[in-house]
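Protein chains: 2
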Amino acid sequence: MSGTHPSRRRFLKKGAVAAGLVAAPPAALELTGGSSTVAAQVPAVADNNAIESVLYGRRSRFVTTTREIEGRSHYQVPRIRPNPQRPSAKTPLAELTGTITPTSLHFTTQHYYGIPDINPAEHTLMVEGMVDRPLVFTMDELHRLPFVSRVHFLECVGNRPSPRGATVTATHGRMGCSEWTGVPLSVLLAEAGVRGGASWIIAEAADGGRHTKSVPLAKALDDVLVAYGQNGEPVRPDHGYPLRLLVPGFEGIYNVKWLKRIKVVDQPYLSFQEHSRFLTPDPKTQRDSYDFGPNSVITRPSGDQRLEAHGAHVISGLAWSGSGKVSRVEVSTDGGATYQEAELVGPVLSKAHTRFCLPWRWNGDEAVLQSRCLDERGQLQPTEAEYAQYWGLTRGQLYGTIQSQLGHCNWIQPWKVGSDGKVTNGLEPVDVVVDVHA
Amino acid sequence: MSGTHPSRRRFLKKGAVAAGLVAAPPAALELTGGSSTVAAQVPAVADNNAIESVLYGRRSRFVTTTREIEGRSHYQVPRIRPNPQRPSAKTPLAELTGTITPTSLHFTTQHYYGIPDINPAEHTLMVEGMVDRPLVFTMDELHRLPFVSRVHFLECVGNRPSPRGATVTATHGRMGCSEWTGVPLSVLLAEAGVRGGASWIIAEAADGGRHTKSVPLAKALDDVLVAYGQNGEPVRPDHGYPLRLLVPGFEGIYNVKWLKRIKVVDQPYLSFQEHSRFLTPDPKTQRDSYDFGPNSVITRPSGDQRLEAHGAHVISGLAWSGSGKVSRVEVSTDGGATYQEAELVGPVLSKAHTRFCLPWRWNGDEAVLQSRCLDERGQLQPTEAEYAQYWGLTRGQLYGTIQSQLGHCNWIQPWKVGSDGKVTNGLEPVDVVVDVHA
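Chains as they are written, first to last, in the numbering used here: chain A, 715 to 1152; chain B, 715 to 1152.
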């Protein structure tokens, strides 16, 4: 199995890398709605005995999974619309095991200004506003403060089950789960001394767009982190190097990357991003814009996969809740008529992805697979019909409405297994589907 | 901070990669006992907005940490001695955060035959011997069986506190911690049907050396995994792609990589590796050759680091036990005269690295920092003197003996902070130090 001649291998590797770096034309960056056309640009790894892989390990050349580049976009505002040179990308959920998302494959949302190239020796974090002692921390100073390491999911509000989602990456790929390490924001706020009357903080990024977000002070003092570590190494550039806010259980947009400034204030600010898109005068949009509700999705078998054989299979997926731990996951193989309890087969941690598994024998009949999550607060993940009824929405509104008029889309995602083993989306088709991320 | 001209960036990146791949001469592979001469060969990352980093994310160009290549070796047997083209490498513990070791930086021990280049479509696992139904599993079949995801440390028996260890990587770098996903071996053995009288299993690898190891059947039926996933993605080639044995809490050598065969037998085999080095007639070497005892080490501040300022610091490190969970970690700043309890600041999981932290004010005086671990079985990590006394060894024997005559080296590692802030090894010098890994 390792019989390839070394010099031949070296040639192959050199050629592959050169192709990836030199021959990749800007044309390949066109947002086509999928990664298939560009996946071949990731350098193949031909020789895991090479010295580079001793210093910093690599994947097998048989493993070529990539993130999926975001396609269509309905962004209307230039400062918010994606940068075509640096698009957003989704996590390939169906290909992953366990609960930790490999950092290289963790979804990343990018806006117009791309990723700043920050020298950590020059980066500082300012804490100011309604405090007794405004402070500026260097990265070295932050590293000398008490820290914690917490496993938390991070999800974009753009995730939504959809009849047109061909794969679980299409419907739920805007999320990941990492072990984050950093200083509790409460430690920094205690150092600065929060004044009476303060009720919110504003977090601001060092990117070209100066992304900002308002976070309730109670949350900031609870479990928010100023994170410099992700899965053991420094936070990567596309996740906010060298410093990001981590707001467990809240929408992705709260987790400000390239964190530069914390301002303590007495009201939420309508920052550019919030004003233009993420807050509207309609109070309905406020209904659950903080903690994500209980959620789960089957990643295997899931859309676009195929069962090749009758007999033993496993139904597996991820469950999570912005409110705390997952208590229980139930799986149905008959479209929700009956459920049975799945096993939680990995660590069960608060506000973290939780892996579930249920052995299943497939006899070749059609089946509709779906999961539902019960969290420790007693909240049960709703069906599409329950969700729509609760909020007084039609199906057309559910799928024809952009995110800013919709809440968290945590209804159940069914997958249909055909008698040929082909897995497709189990939601009924609708006429109009608007990209919820827009 | 992102003002570098794009074309300049592209030029830099292209140049760096080309240097890494083309200009790396075999001469750089000489085992010099450190990675400093070759670290520059890891391709620098100049542009995180490049399309390759969208598909598969990368580190900041300011983050250049690598594994440390193993240096000296006392291996006498050709099939066991390291392959100079593919040396072993240690985890850069002092640079890491949290408890999950980045897979690219996770230590890897390699023997003479290097890393096989296995096509998973052709790989199978055979279960045979004292079973009712000998079975052969393809990778696809294994993926259709019930699985679990568990966070576990993996440690080479070669880890040993040593007066000559300049850094924590030198003394303890032969370990890492990952989330492993795979099929419980008990599931496979139940499928095959273990016959009465069976008491051991033999695990065999698909590498050129056909590495084999005997594991007690009771352990195999307890928590051993046939793992295909590591930190969310397929196990990497240098960790056993596509399949490895994971034997939680046992010495690294039990965790057979590139797993090809499980044979159920009624006695441990003296396989080539075991016969030549890892088992000896001396019963003393059997004294604790299974579960690792309670252990811990301070990673910051640690050898070769320097405290640049008086005032607030944190003392942080890792604790672990092969027997279960860590119950408590205590830290001393006066060489063991007094201890105080550190906080466990991350997930506390069984047979997993556990991160601890203690705030500490450094006033500029000399200090000797050390930690000790108490595990849930009530076992307390010993000092060097306690360890030596218990086993009736002199200090010369402790450091002048190779691993096969020594047990697990879990005594306390002190680090000395000088008045200039320089951190050095706090163990008393000895004349003879033999590489315990030999």
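Built from N, CA and C at the ideal position, the CB exists for glycine as well. Nothing here was measured: the structure is a model prediction, and the numbers come from that model.
Q) Quick one: which chain B residues come within Cβ less than 7 Å of residue 946(A)? A) Chain order gives the chain B residues near residue 946(A) as 810, 811, 812, 814, 815, 816, where near means a beta carbon separation below 7 Å.
Q | CB contact flag (residue 800(A), residue 777(B), <8 Å) | A | No.
Q: May I have the straight-line CA-CA distance separating residue 1022(B) from residue 893(A), to the nearest angstrom?
A: Each residue's Cα considered, the two are about 28 Å apart.
Q.
Against chain B, which members of the segment 871–898 of chain A pass a CB distance test of less than 7 Å?
A. Listed by position, the residues of the segment 871–898 of chain A near chain B (Cβ gap below 7 Å) are 893, 895.
**Q.** residue 976(B) at chain A interface by Cβ criterion, 8 Å
**A.** Taking 8 Å as the threshold, the shortest C-beta distance from residue 976(B) to chain A does not fall below it.
Q) Mind pulling the chain A residues with CB within less than 7 Å of residue 823(B)? A) Those do not exist, as residue 823(B) stays about 12 Å from chain A at its closest Cβ, beyond 7 Å.
**Q.** Buried/exposed call for residue 788(A), threshold 16 Cβ in 10 Å
**A.** Note that residue 788(A) scores 46 on pLDDT, short of 50, meaning its location in the model is unreliable; the coordinates nonetheless yield the value given after this. When all chains shown are included, residue 788(A) counts as exposed.
(Q) Going by the DSSP bridge assignment, what does residue 838(B) pair with across the sheet? (A) In the DSSP assignment, residue 838(B) forms a beta bridge with 852(B).
Q.
Does residue 1135(A) come out as helix, strand or coil in the three-state DSSP assignment?
A. Residue 1135(A): coil per DSSP, three-state reduction.
Q.
Using a Cβ-Cβ cutoff of less than 8 Å, which residues in the same chain neighbour residue 955(A) once the five nearest sequence positions on both sides are dropped?
A. Cβ neighbours of residue 955(A) beyond the five flanking positions: 832, 834, 948, 949, 972.
(Q) With a threshold of 8 Å between beta-carbons, can residue 1071(A) be considered close to chain B, or not? (A) For residue 1071(A), the nearest beta carbon of chain B is closer than 8 Å to its own beta carbon.
Q. Beta strand (DSSP E) containing residue 1100(A): first to last residue?
A. Segment 1098–1105 is the alpha helix (DSSP H) holding residue 1100(A); no beta strand (DSSP E) there.
(Q) Between which two residues does the alpha helix (DSSP H) holding residue 905(B) run? (A) Residues 899–906.
(Q) Report the CB separation of residue 1038(A) from residue 1091(A) in whole angstroms; it is logged as a contact under 8 Å. (A) About 6 Å separates the two Cβ atoms, so the contact holds.
Q) So, does the CB of residue 777(A) fall closer than 8 Å to a CB anywhere in chain B? A) So yes, residue 777(A) belongs to the interface.
(Q) I'd like to know if residue 869(B) contacts chain A, where contact means its C-beta is closer than 8 Å to some C-beta of that chain. (A) Output row for residue 869(B): interface = no.
(Q) Is it the case that the segment 1079–1097 of chain B contacts the segment 1008–1020 of chain B, given that we only count it when at least three CB pairs across the two stretches are under 8 Å? (A) Yes, the segment 1008–1020 of chain B touches the segment 1079–1097 of chain B.
Q: Taking only beta-carbon positions, decide if residue 1006(B) is within less than 8 Å of chain A.
A: No, its Cβ sits nowhere closer than 8 Å to a Cβ of chain A.
Q: Assign residue 992(A) to one of two classes, buried (16 or more other C-beta atoms within 10 Å of its C-beta) or exposed (fewer than that).
A: With a pLDDT of only 48 at residue 992(A), under the threshold of 50, the placement of this residue in the model should not be trusted; the figure read from the coordinates follows. Burial is judged here by how many other beta carbons sit within 10 angstroms of a residue's own beta carbon; residue 992(A) has at least 16 and is buried.
Q: Using a Cβ-Cβ cut-off of less than 9 Å, give me the residues of the segment 764–776 of chain A that come near chain B, in sequence order.
A: Residues are counted here when their Cβ sits less than 9 Å from a Cβ of chain B; for the segment 764–776 of chain A these are 764, 765, 766, 767, 768, 769, 770, 771, 772, 773, 774, 775, 776, given in chain order.
Q) Using a Cβ-Cβ distance under 8 Å, would residue 826(A) count as near chain B? A) Closer than 8 Å: no.
Q: Please specify which runs of the beta strand (DSSP E), each continuous and at least 3 residues long, are wholly inside the segment 1032–1069 of chain A, giving them in chain order.
A: Entirely contained in the segment 1032–1069 of chain A, the beta strand (DSSP E) runs reaching 3 residues are, in chain order, 1040–1046.
Q. Mind pulling the chain A residues with CB within less than 8 Å of residue 904(B)?
A. The premise fails here: residue 904(B) is roughly 13 Å from chain A at the closest Cβ pair, so nothing lies under 8 Å.
**Q.** Inter-residue Cα distance where the pair is residue 1096(B) and residue 1147(B)
**A.** Residue 1096(B) and residue 1147(B) have their C-alpha atoms roughly 20 Å apart.
(Q) Using a 10 Å radius around the Cβ and a threshold of 16 neighbouring Cβ atoms, would you call residue 1052(A) buried or exposed? (A) Exposed, by the Cβ-count rule.
Q. Looking only at DSSP bridge pairs, what is residue 958(A) linked to?
A. Bridge partners of residue 958(A): 941(A).
(Q) Is the separation between the beta-carbon of residue 1047(A) and that of residue 1031(A) shorter than 8 Å? (A) Taking 8 Å as the Cβ cut-off, residue 1047(A) and residue 1031(A) do not qualify as a contacting pair.
Q. Do you know whose CA, among 863(B), 891(B), 1103(B), lies nearest residue 812(A)'s CA?
A. Of 863(B), 891(B), 1103(B), the residue nearest in Cα terms is 863(B).
Q: For residue 969(B), count neighbouring C-beta atoms within 10 Å of its own C-beta (all shown protein chains included) and say buried if the count is 16 or more, exposed if not.
A: When all chains shown are included, residue 969(B) counts as buried.
Q: Run down chain A in chain order and give the residues with a C-beta less than 9 Å from the C-beta of residue 834(B).
A: Residues of chain A passing the Cβ test: 774, 776, 777.
Q) Taking Cβ-Cβ distances below 9 Å as the criterion, which residues of the segment 1022–1036 of chain A are in contact with chain B? A) Residues passing the 9 Å Cβ filter: 1022, 1023, 1025, 1026, 1027, 1028, 1030.
Q. Buried or exposed: residue 980(A), going by 16 or more other Cβ atoms within 10 Å of its Cβ?
A. So residue 980(A) ends up on the exposed side.
**Q.** Beta-carbon separation (whole angstroms), residue 841(B) vs residue 939(B), contact threshold 8 Å
**A.** Between residue 939(B) and residue 841(B) the Cβ distance is about 14 Å, and since that is not below 8 Å, they are no contact.
Q. According to the neighbour-count rule (16 or more other Cβ atoms, all chains shown, within 10 Å of its Cβ), is residue 1104(A) buried or exposed?
A. Under the 10 Å beta carbon count, residue 1104(A) is surrounded by fewer than 16 other beta carbons and is classified as exposed.
Q: Specify the secondary structure class of residue 1090(A) as computed by DSSP and reduced to three states.
A: DSSP places residue 1090(A) in the coil class of the three-state scheme, outside both helix and strand.
(Q) Under 8 Å, Cβ to Cβ, is there at least one residue of chain A near residue 762(B)? (A) Output row for residue 762(B): interface = yes.
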